[in-house]
Amino acid sequence: MFSVIFPGQGSQVVGMARELHTKFDLVKKYFKYADEVLSFPISKIILEGPKEELNLTENTQPAIFLVGYSIFYLTKHEFGCDLNKAKFFAGHSVGEYTALASAGVIKFEDTIKLLKLRGNAMQSAMPKGEGGMVAVLGSDLLKIENLISEKKYECFIANDNSNGQLVISGRLDELNKFINDLKNLNIKNITLPVSGPFHCELMKKATVIMETEINKLEFNKSKNILISNVTANEVQNTNEIKSLLIKQIESRVKWRESIFYMIKNGVNHFIEIGPGKVLSSLIKRIDKTVIVDAINNEEDINNIKKNDKF
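When you read off a place in the sequence shown, starting at 1, and then add 456, the result is the number in this note's numbering.
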């Protein structure tokens, strides 16, 4: 039994999906349509860069979606691998939007416009340079929660990614105090190159914008079951999906819990669709016994088709 999963911000790289774009008209079609919908050359930024433009949150989010969605439908329509047979669909942060669009809940054009707006709203929620994120490695959730609580830092656990990998958001002055304490405790940490403190209550301005825009859209019913970042549980009701997407802006991404839930409910194979293998690496840290594949290129698709029955 398999699940399909879609990566989030941080997986992007200039030239992602270039091989597939060169060879397959279906991918070209989606890239061209994205440019038309956005009235903006997102495809050129994906394929040619510069990296600085691609790494702007307002560009990164629609770019990651476009690549993941294109690969999903290429795998299905050109190679006959029906990934909609998956037990669950899930995505990490922005990847949740790719999951919903691939499952037919949100239209392609609505999703990519929404993500351009989401990226801009999150990027602008705080003045530049006032907030950030830090990855904490080799520690556990309870220990870090207790440290933040005891010291009363204005810091928040943004991502519970895997065993021994958390991401913390906060104001830079508070994060610096937090980092000093981590060093004193010999806990490894890495400051992340992001433009804001995502997935915490400092994103309130972005939530207000997204609530208005999400509630304008029509969400379709789907046979596919989404695992929500916010609850690490199943969601299919369209009104509930909208509500959770709005909450997701300020909520912790419960990725580790989501993977545990899917495994507990019979999943023994995960297929990551989109740039990179970030989620594949996280899952291997969570449970080494499950099968994990990533689809980035034609060879990956052929390997999936050869080894699995769709």
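Backbone N, C-alpha and C define an ideal beta-carbon position, used for all residues, glycine too.
All of these numbers come straight from a predicted model, not from anything done at the bench.
Assuming the contact rule is C-beta atoms closer than 8 Å, residue i and residue j should be a hit. Round their C-beta distance to whole Å, please.
i: Leu482; j: Tyr529; result: 7 Å
i: Glu669; j: Leu603; result: The Cβ separation is near 36 Å, so there is no contact.
i: Ser558; j: Phe544; result: Contact doesn't hold; Cβ gap of about 12 Å is too wide.
i: Ala581; j: Ala519; result: The Cβ separation is near 20 Å, so there is no contact.
i: Ile681; j: Gln692; result: 6 Å
i: Leu638; j: Val592; result: 7 Å
i: Cys611; j: Gly626; result: 4 Å
i: Gly524; j: Val734; result: Not a contact, Cβ separation roughly 12 Å.
i: Gly560; j: Phe462; result: Not a contact, Cβ separation roughly 14 Å.
i: Lys429; j: Val686; result: Coverage of the chain is limited to positions 457 through 766, which leaves residue 429 absent and any answer about it impossible.
Which value, in whole angstroms, describes the spacing of the CA atoms of residue i and residue j?
i: Glu674; j: Asn576; result: 22 Å
i: Leu503; j: Asn511; result: 13 Å
i: Tyr690; j: Asn645; result: What sits at residue 690 in the sequence shown is Glu, not Tyr. Approximately 32 Å between the Cα atoms of the pair.
i: Ile501; j: Leu570; result: 18 Å
i: Thr513; j: His725; result: 31 Å
i: Ser684; j: Gly594; result: 25 Å
i: Asn721; j: Ser459; result: 11 Å
i: Lys541; j: Pro583; result: 44 Å
i: Pro653; j: Lys762; result: 42 Å
i: Asp629; j: Val723; result: 42 Å
i: Thr647; j: Val590; result: 4 Å
i: Cys656; j: Asn642; result: 25 Å
i: Ile751; j: Asn759; result: 9 Å
i: Lys599; j: Gly536; result: 47 Å
i: Asp596; j: Leu539; result: 34 Å
i: Glu755; j: Asn695; result: 39 Å
i: Phe487; j: Asn515; result: 14 Å
i: Pro649; j: Gln468; result: 13 Å
i: Val550; j: Asp566; result: 14 Å
i: Gly471; j: Phe564; result: 21 Å
i: Arg474; j: Asn632; result: 39 Å
i: Glu534; j: Ile697; result: 30 Å
i: Arg708; j: Gly730; result: 22 Å
i: Ile568; j: Gly732; result: 20 Å
i: Ala688; j: Ser651; result: 26 Å
i: Ser526; j: Leu658; result: 33 Å
i: Ser499; j: Glu492; result: 10 Å
i: Glu508; j: Ala490; result: 20 Å
i: Gln517; j: Gly464; result: 8 Å
i: Leu556; j: Ser699; result: 14 Å
i: Met457; j: Phe496; result: 39 Å
i: Glu586; j: Lys485; result: 40 Å
Over what stretch of residues does the alpha helix (DSSP H) that includes residue i continue unbroken?
i: Phe521; result: Thr513 to His533
i: Gly575; result: Phe564 to Ser580
i: Val561; result: Segment: none, Val561 is in no alpha helix (DSSP H) and carries neither H nor E.
i: Ser459; result: Unbroken run through Ser459 is the beta strand (DSSP E), Phe458 to Phe462; no alpha helix (DSSP H).
i: Asp743; result: Taken as a continuous stretch (DSSP letters only), Asp743 belongs to no alpha helix (DSSP H), as it is neither H nor E.
i: Phe487; result: Asp481 to Leu494
i: Asn758; result: Glu754 to Asn763
i: Lys541; result: Careful: Lys541 lies outside any alpha helix (DSSP H) and carries neither H nor E.
i: Lys507; result: Lys507 to Leu510
i: Lys500; result: Ile498 to Glu504
Output the boundary residues of the beta strand (DSSP E) element that contains residue i.
i: Arg627; result: Gln621 to Arg627
i: Ala591; result: Gly587 to Leu593
i: Ala546; result: Phe544 to Gly547
i: Ala750; result: Ile747 to Ile751
At least three beta-carbon pairs within less than 8 Å, the segment 576 to 587 to the segment 614 to 622: Segments in contact, no.
Inter-stretch contact at 8 Å, needing at least 3 Cβ pairs: the segment 735 to 748 / the segment 709 to 719: The segment 735 to 748 is in contact with the segment 709 to 719.
Contact between the segment 660 to 669 and the segment 522 to 536 (3+ Cβ pairs under 8 Å): Short answer: they don't touch.
4 or more residues per run - each alpha helix (DSSP H) lying fully within the segment 604 to 685: Segments of the alpha helix (DSSP H) lying fully in the segment 604 to 685: 628 to 640 and 660 to 672.
Complete beta strand (DSSP E) runs within the segment 702 to 732 (minimum length 3 residues, chain order): Correct list: 725 to 729.
Cβ contact check for the segment 742 to 749 and the segment 463 to 483: 3 or more pairs under 8 Å: The answer is no - the segment 463 to 483 does not touch the segment 742 to 749, with fewer than three Cβ pairs under 8 Å.
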